[in-house]
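Enquirer: Here it is: the structure, laid out below.
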Amino acid sequence: MTVEAPVFEEAPPQVEPARGPMDWARKNLFNNWYNSLLTVALAALVVWVLVALVRGLLSAEYEIIRANLRLFMIGEFPADQLWRPWAATYCFAVIFGVVGGSIAAGARDRASEAGLPYVRTTLRQIVIRFWPILALIAVILSFTSTVTPTLLTIGALVVGLGSYYLGRVLPRAVRRWTWLIAVVLIAASYISLAGFGGVGWQGWGGLQLNLFLTFAGLLVAFPFGLLLAMGRRSSLPVIRTISVGYIELVRGVPLITVLIAGAFAIGFIIPRDVRPGFVTRMLIAIIAFEAAYIAEVVRGGLQAVPRGQVEAAQAVGLAPWKTMRLIVLPQALRATIPAMVGQFISLFKDTTLVAVLGITELLEATFVVNSQTAYLGKGLFVVTLSFAALIFWVGCYTMSRESRRLERKLGVGER
Amino acid sequence: MTAVEETRHRPRLWRDVRVLRAVIQVLAGAAVLIILYVLWFNLTNNLRAAGLPTGFDFLTQPLGVDIPGSDISPSAPIWRGLLNAVKNTLALVVVGIPLLTLIGVLVGVARLSTNWLVAKAAGLYVEIIRNIPPLLIIFFVFNAVVLRFPVLQESLNISDLVIVNNRYLAMVGFTAQPNFGPFLAIIAVALLIAAGVWWWRTRRSEQTGEHHHRFLWALGVFSAISLIGFFALGGPIGLSRPILDGRALEGGYTGLAAYWAVLAALVLYTASHVAEIVRGSILAVPRGQSEAANAIALTSFQRLRYVVMPQAMRIAIPPIISQYLNFTKNTSLAIAIGYAEMTRITFQLIGNGQPAPQMIFLLMGGYLIFSLIISLIVNVVNRRMQLVTR
Chain A
0 MTVEAPVFEE
10 APPQVEPARG
20 PMDWARKNLF
30 NNWYNSLLTV
40 ALAALVVWVL
50 VALVRGLLSA
60 EYEIIRANLR
70 LFMIGEFPAD
80 QLWRPWAATY
90 CFAVIFGVVG
100 GSIAAGARDR
110 ASEAGLPYVR
120 TTLRQIVIRF
130 WPILALIAVI
140 LSFTSTVTPT
150 LLTIGALVVG
160 LGSYYLGRVL
170 PRAVRRWTWL
180 IAVVLIAASY
190 ISLAGFGGVG
200 WQGWGGLQLN
210 LFLTFAGLLV
220 AFPFGLLLAM
230 GRRSSLPVIR
240 TISVGYIELV
250 RGVPLITVLI
260 AGAFAIGFII
270 PRDVRPGFVT
280 RMLIAIIAFE
290 AAYIAEVVRG
300 GLQAVPRGQV
310 EAAQAVGLAP
320 WKTMRLIVLP
330 QALRATIPAM
340 VGQFISLFKD
350 TTLVAVLGIT
360 ELLEATFVVN
370 SQTAYLGKGL
380 FVVTLSFAAL
390 IFWVGCYTMS
400 RESRRLERKL
410 GVGER
Chain B
0 MTAVEETRHR
10 PRLWRDVRVL
20 RAVIQVLAGA
30 AVLIILYVLW
40 FNLTNNLRAA
50 GLPTGFDFLT
60 QPLGVDIPGS
70 DISPSAPIWR
80 GLLNAVKNTL
90 ALVVVGIPLL
100 TLIGVLVGVA
110 RLSTNWLVAK
120 AAGLYVEIIR
130 NIPPLLIIFF
140 VFNAVVLRFP
150 VLQESLNISD
160 LVIVNNRYLA
170 MVGFTAQPNF
180 GPFLAIIAVA
190 LLIAAGVWWW
200 RTRRSEQTGE
210 HHHRFLWALG
220 VFSAISLIGF
230 FALGGPIGLS
240 RPILDGRALE
250 GGYTGLAAYW
260 AVLAALVLYT
270 ASHVAEIVRG
280 SILAVPRGQS
290 EAANAIALTS
300 FQRLRYVVMP
310 QAMRIAIPPI
320 ISQYLNFTKN
330 TSLAIAIGYA
340 EMTRITFQLI
350 GNGQPAPQMI
360 FLLMGGYLIF
370 SLIISLIVNV
380 VNRRMQLVTR
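Those protein sequences? They're chains A and B, same order as listed.
In case it helps, numbering that gives the first Met the number 0 puts the first sequence at residues 0 to 414.
In case it helps, numbering that gives the first Met the number 0 puts the second sequence at residues 0 to 389.
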């Protein structure tokens with residue numbers, strides 16, 4: 000018996016991939032009647048918005064920003080003390096550079112120990128990742144009237160880049176102490192701002208205050224949040240109840256009510272001879288508020304550590320505290336990095352709320368300038384608010400892209 | 000023998016886990032109680048020293064401030080002003096939540112549209128609005144848009160349907176005419192009958208296998224009964240047009256410009272977050288599900304309606320409800336432009352010399368009650384939506 004050989008039909012010709020803009024448009028914009036309708040309507044809307052935007056940008060009076068740029072950036076910092084914020088900027092350029100560089104070097108070393116290829120970050124990638132911030136710096140500098148700020152900014156960028164390469168070539172033994180370098184430089188930046196006749200944070204304002212409240216709020220709240228998170232997962236009922244009670248109470252109320260409590264009620268519950276300044280009270284309120292949110296972020300990280308890790312640690316006889324410190328926390332905290340960046344973004348946006356209580360941070364500054372006699376009643380809110388919006392948008396957008404990148408990297412690459 | 004005895008040997012007291020646990024808890028509890036006591040002690044002492052009341056009796060005192068957009072006089076008791084503030088907060092929440100859900104879901108689905116322009120425009124909206132502080136958006140809508148509307152005397156009037164000026168926004172509305180009560184009863188009966196028809200169609204479909212069309216049937220029955228009722232009662236609902244009468248607007252739905260500004264700003268802001276949640280949830284449904292739906296030749300609508308959306312919604316609903324909570328808490332930002340909701344009134348009254356600790360206690364308590372209600376809903380929904388697995 001012969002088996003008839005199967006007859007293979009000739010393969011159908013491949014569908015031609017879309018070629019040319021007309022073909023692409025037909026596929027992606029006009030593939031059926033309602034999509035065509037949508038496209039036309041939306042295109043009209045987009046064109047209208049774009050035209051309005053360009054006309055607004057071209058016709059707007061930027062004098063109000065140019066004249067008040069210092070108020071927006073650093074508030075009412077004395078004009079003859081301008082070297083102080085610049086010195087602090089340079090300190091932070093070095094901190095970011097060295098810390099970033101030594102993190103990169105650490106990743107390189109771990110990769111080479113594990114025999115994995117290490118792809119180093121190029122300058123081009125950094126520019127692609129942080130272009131909104133670079134563009135924002137250019138926009139802000141375009142509002143300055145002298146060339147000094149531009150030169151100083153370029154200098155700070157160069158110093159930051161130099162510190163990055165320094166951080167990469169630091170020997171391992173030194174790299175372990177990078178955090179100490181950072182702490183010392185943070186102290187140095189504060190002294191350069193406030194020490195020897197400078198201005199303490201009670202007198203800060205503008206974007207500087209927003210950044211200070213964000214960084215200080217998160218840094219100080221972190222240890223409390225960590226304790227609360229561990230308390231919430233504790234097996235001791237009293238500790239657990241206290242932690243859950245605090246976290247849920249704080250998360251149930253808006254930040255503005257906590258700030259109002261900081262402004263008007265803290266004075267009633269602390270002894271009468273202790274009188275913290277207004278910004279300090281705002282900071283205390285922010286820390287009390289953020290601790291609860293950080294606790295929830297860290298709890299997410301703790302829950303992500305598989306039970307087997309704890310059991311293995313117990314099996315080799317590690318004490319509970321050591322299990323936490325050596326096994327659970329390193330894994331848990333790594334998993335929380337993206338969520339912590341998210342928390343940073345939301346706190347950065349939330350620092351605008353202190354404007355309600357009359358502190359001249361960036362948003363309040365955009366209001367104050369509209370009541371200057373030169374601009375009163377001119378309705379320049381659109382200009383000043385757009386300027387503030389641009390700054391916040393660039394900060395939050397860049398950070399949220401970074402957080403997504405980190406999430407991908409931590410989630411896929413190394414687990 | 001000795002080995003057994005040694006294992007039974009009790010550890011020394013300060014290394015005994017049971018003792019340690021008890022001691023730690025007692026210490027922690029005592030520390031918290033002592034701190035609370037000290038704070039309470041300071042509070043009562045400081046209140047007395049400042050000559051402020053230590054209780055809540057002050058709530059019956061006269062309000063002393065004027066509340067824009069209400070008929071409560073400054074001589075009314077404080078608690079009435081507070082109740083009105085709760086009502087104003089609720090007015091934002093009740094109108095805002097359906098609106099932001101609608102916009103959020105539409106934009107979230109639009110981000111995944113095959114239409115390039117629609118997807119990009121939706122993406123642009125989400126990425127811009129999400130990364131700007133909500134307070135700034137409120138200021139922008141209020142100061143850069145609403146305050147630029149014409150003044151009251153030169154209100155923009157669109158054929159008596161909508162009246163816009165920089166203090167009020169009024170829309171045509173409905174008013175009850177005679178026989179409104181009986182009409183409501185008819186609507187209720189129509190709803191009951193429609194539910195019955197729904198149940199009947201479902202059962203019939205189960206028994207015979209024919210398509211139930213239960214939604215169309217129920218809708219038809221409901222509309223028929225209500226329409227007959229409407230005409231039989233001689234039109235129990237009439238239109239009410241807004242009228243500009245000198246210095247005030249009357250009739251229709253009238254709201255303060257500040258109310259509309261906060262509502263628009265917060266709805267836009269929260270909707271951008273909801274859109275991200277919806278998009279993420281749809282993407283989280285495994286591709287195989289869509290492919291399987293294609294393989295059994297479902298139409299693209301059926302694929303979304305019966306396969307993708309039910310699974311996406313299970314993922315999306317808990318985070319969306321927590322966005323509702325965020326929206327509710329963010330209504331407190333209305334304080335910045337003077338809309339008289341809970342936080343604003345509290346702030347005003349504290350500035351007017353009322354005791355701050357008690358006022359803030361009431362304010363936070365109010366928001367906590369909102370939060371508790373919403374988290375109860377989350378729990379119920381979570382339990383109902385949970386996948387039943389082995």
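C-beta: ideal position from N, C-alpha, C; glycine also.
For residue 42 of chain B and residue 36 of chain B, what's the separation of their Cα atoms in angstroms?
Expert: Counting from 1 along the second sequence, the entry for residue 42 of chain B is found at position 43. Counting from 1 along the second sequence, the entry for residue 36 of chain B is found at position 37. Roughly 10 Å between the two C-alpha positions.
Enquirer: Looking only at its own chain, which residues have a Cβ that is under 6 Å from the Cβ of residue 217 of chain B, when we skip the five neighbours before and after it?
Expert: Here residue 217 of chain B is taken as the residue at index 218 of the second sequence, counted from 1. Here the set comprises 193, 196 and 197.
Enquirer: Using a threshold of 8 Å, state whether the C-beta atoms of residue 393 of chain A and residue 61 of chain A are closer than that.
Expert: Taking the first residue of the first sequence as position 1, residue 393 of chain A is located at position 394. Taking the first residue of the first sequence as position 1, residue 61 of chain A is located at position 62. No. Outside cutoff.
Enquirer: In chain order, what residues of the same chain lie with their CB nearer than 7 Å to the CB of residue 414 of chain A, ignoring the 5 residues before and after it?
Expert: Start at 1 with the first residue of the first sequence, and residue 414 of chain A comes out as number 415. Unreliable placement is indicated for residue 414 of chain A, whose pLDDT of 38 sits below 50; the coordinate value is still reported in the next sentence. Counting only Cβ-Cβ distances below 7 Å, and skipping sequence neighbours, we find nothing.
Enquirer: Thinking just about the alpha-carbon of each residue, which of B:179, B:323 and B:167 is nearest to the one in residue 254 of chain B?
Expert: Against the second sequence, residue 254 of chain B aligns to sequence position 255. Measuring from the Cα of residue 254 of chain B, the nearest candidate turns out to be B:167.
Enquirer: Which term fits residue 351 of chain B, buried or exposed, when burial requires 16 or more other beta carbons within 10 angstroms of its beta carbon?
Expert: As a first step, residue 351 of chain B is located in the second sequence; it is residue number 352 there, counting from the start. So residue 351 of chain B counts as exposed.
Enquirer: Verify the CB distance criterion: does residue 351 of chain A have a CB-CB separation below 8 Å to chain B?
Expert: Mapped onto the first sequence, residue 351 of chain A falls at position 352. At least one chain B Cβ lies under 8 Å of residue 351 of chain A.
Enquirer: Applying the 10 Å Cβ sphere with the 16-neighbour rule, what's the burial state of residue 195 of chain A?
Expert: Here residue 195 of chain A refers to the residue found at position 196 when the first sequence is read from its first residue. Result: exposed.
Enquirer: Can you find a C-beta in chain B that's less than 8 Å from the C-beta of residue 34 of chain A?
Expert: The residue you call residue 34 of chain A lines up with position 35 of the first sequence. So yes, residue 34 of chain A belongs to the interface.
Enquirer: Please classify residue 141 of chain A: is it buried, with 16 or more other beta-carbons within 10 angstroms of its beta-carbon, or exposed?
Expert: Residue 141 of chain A sits at position 142 when you count from the first residue of the first sequence. Its Cβ having fewer than 16 others within 10 Å, residue 141 of chain A is exposed.
Enquirer: By the 10 Å Cβ neighbour count, where 16 or more other Cβ atoms means buried, how is residue 360 of chain A classified, buried or exposed?
Expert: Start at 1 with the first residue of the first sequence, and residue 360 of chain A comes out as number 361. Buried, by the Cβ-count rule.
Enquirer: Taking just the CA atoms, how far does residue 258 of chain A sit from residue 354 of chain A?
Expert: Here residue 354 of chain A is taken as the residue at index 355 of the first sequence, counted from 1. Here residue 258 of chain A is taken as the residue at index 259 of the first sequence, counted from 1. One C-alpha to the other measures close to 11 Å.
Enquirer: Provide the residue(s) that pair with residue 253 of chain B in DSSP beta bridges, ordered along the chain.
Expert: As a working note, residue 253 of chain B is residue 254 in the second sequence. For residue 253 of chain B, which the question treats as bridged, DSSP gives the partners B:169.
Enquirer: Once DSSP output is grouped into helix, strand and coil, what is the label at residue 61 of chain B?
Expert: Taking the first residue of the second sequence as position 1, residue 61 of chain B is located at position 62. In the structure shown, residue 61 of chain B sits in a strand (DSSP, three-state: E or B).
Enquirer: Which value, in whole angstroms, describes the spacing of the CA atoms of residue 198 of chain A and residue 27 of chain B?
Expert: In the first sequence, counting from the first residue as 1, residue 198 of chain A sits at position 199. In the second sequence, counting from the first residue as 1, residue 27 of chain B sits at position 28. C-alpha separation (whole angstroms): 39 Å.
Enquirer: Kindly identify the DSSP beta-bridge partner or partners of residue 239 of chain B.
Expert: Position 240 of the second sequence, counted from the first residue, corresponds to residue 239 of chain B. Looking at the DSSP assignment, residue 239 of chain B forms a beta bridge with B:172.
Enquirer: Give the single residue among A:57, A:124 and A:247 whose Cα lies nearest to the Cα of residue 289 of chain A.
Expert: Residue 289 of chain A sits at position 290 when you count from the first residue of the first sequence. Nearest of A:57, A:124 and A:247 to residue 289 of chain A, Cα basis: A:247.
Enquirer: Give the single residue among B:21, B:177 and B:92 whose Cα lies nearest to the Cα of residue 366 of chain B.
Expert: Here residue 366 of chain B refers to the residue found at position 367 when the second sequence is read from its first residue. It is B:92.
Enquirer: What did DSSP end up calling residue 164 of chain B once you bin it into helix, strand or coil?
Expert: Counting from 1 along the second sequence, the entry for residue 164 of chain B is found at position 165. Coil, per DSSP.
Enquirer: Does DSSP put residue 76 of chain B in a helix, a strand or coil?
Expert: For the purposes of this step, residue 76 of chain B is taken as residue 77 along the second sequence, with counting starting at 1. Looking at residue 76 of chain B - three-state DSSP - the assignment turns out to be strand.
Enquirer: Sort B:284, B:276 and B:336 by Cα distance to residue 317 of chain B and report the nearest one.
Expert: Here residue 317 of chain B is taken as the residue at index 318 of the second sequence, counted from 1. Answer by Cα proximity: B:276.
Enquirer: Consider the Cβ of residue 237 of chain A: report whether some Cβ of chain B lies at a distance smaller than 8 Å.
Expert: By one-based count along the first sequence, residue 237 of chain A stands at place 238. Yes, because at least one Cβ of chain B sits closer than 8 Å to the Cβ of residue 237 of chain A.
Enquirer: What would DSSP say about residue 208 of chain A, mapped onto helix, strand or coil?
Expert: Translated into the one-based positions of the first sequence, residue 208 of chain A becomes position 209. It is helical.
Enquirer: Mind pulling the chain B residues with CB within less than 9 Å of residue 348 of chain A?
Expert: Locating residue 348 of chain A in the first sequence gives position 349, counting from the first residue. Near residue 348 of chain A (Cβ distances below 9 Å), the residues of chain B are 130, 131, 132, 133, 134 and 135.
Enquirer: Which ranges would you report for the beta strand (DSSP E) in the segment 122–156 of chain B if only whole runs of at least 3 residues count?
Expert: Within the segment 122–156 of chain B, no complete beta strand (DSSP E) run reaches 3 residues.
Enquirer: Looking at the C-beta of residue 370 of chain B, does it have a partner C-beta in chain A at a distance below 8 Å?
Expert: As a position in the second sequence, residue 370 of chain B is number 371, starting the count at 1. It does; some Cβ of chain A falls within 8 Å.
Enquirer: Quick check on residue 407 of chain A - is its C-beta less than 8 Å from some C-beta in chain B?
Expert: In the first sequence, residue 407 of chain A corresponds to position 408, counting from 1. No, residue 407 of chain A does not count as interfacial toward chain B.
Enquirer: In whole angstroms, what separates the C-alpha of residue 378 of chain B from that of residue 36 of chain A?
Expert: For the purposes of this step, residue 378 of chain B is taken as residue 379 along the second sequence, with counting starting at 1. For the purposes of this step, residue 36 of chain A is taken as residue 37 along the first sequence, with counting starting at 1. Rounded to the nearest angstrom, the two C-alpha atoms are 42 Å apart.
Enquirer: Residues of chain B with CB under 9 Å from residue 396 of chain A, in chain order?
Expert: The sequence position of residue 396 of chain A within the first sequence is 397, counting from 1. The answer, in chain order, is 126, 127, 129 and 130.
Enquirer: Here's a check: name, in chain order, each residue in its chain whose Cβ is nearer than 8 Å to the Cβ of residue 238 of chain A, leaving out the five neighbours to either side.
Expert: Reading the first sequence from its first residue, position 239 is the one you call residue 238 of chain A. 230.
Enquirer: What are the complete alpha helix (DSSP H) segments, minimum 4 residues, inside the segment 316–384 of chain A?
Expert: Segments of the alpha helix (DSSP H) lying fully in the segment 316–384 of chain A: 328–349 and 361–367.
Enquirer: Is the CB of residue 164 of chain B under 8 Å away from at least one CB in chain A?
Expert: Stepping through the second sequence from its first residue, residue 164 of chain B is reached at position 165. So, not an interface residue.
Enquirer: For a cutoff of 8 Å on Cβ pairs, would you count residue 343 of chain A as touching chain B?
Expert: Within the first sequence, the letter at position 344 stands for residue 343 of chain A. Not one chain B Cβ lies under 8 Å of residue 343 of chain A.
Enquirer: By Cβ distance below 6 Å, which residues in the same chain neighbour residue 334 of chain A in space, the five residues on each side in sequence not counted?
Expert: Counting from one through the first sequence, the residue named residue 334 of chain A turns up at place 335. So the qualifying residues of the chain are 300 and 303.
Enquirer: Ends of the alpha helix (DSSP H) at residue 45 of chain B?
Expert: Numbered from its first residue, the second sequence carries residue 45 of chain B at position 46. From DSSP, the alpha helix (DSSP H) with residue 45 of chain B extends over 16–48.
Enquirer: Check each residue of the segment 335–357 of chain B: if its Cβ is closer than 8 Å to any Cβ of chain A, include it; give the result in chain order.
Expert: Flagged, chain order: 335, 342, 345, 346, 349, 355 and 356.
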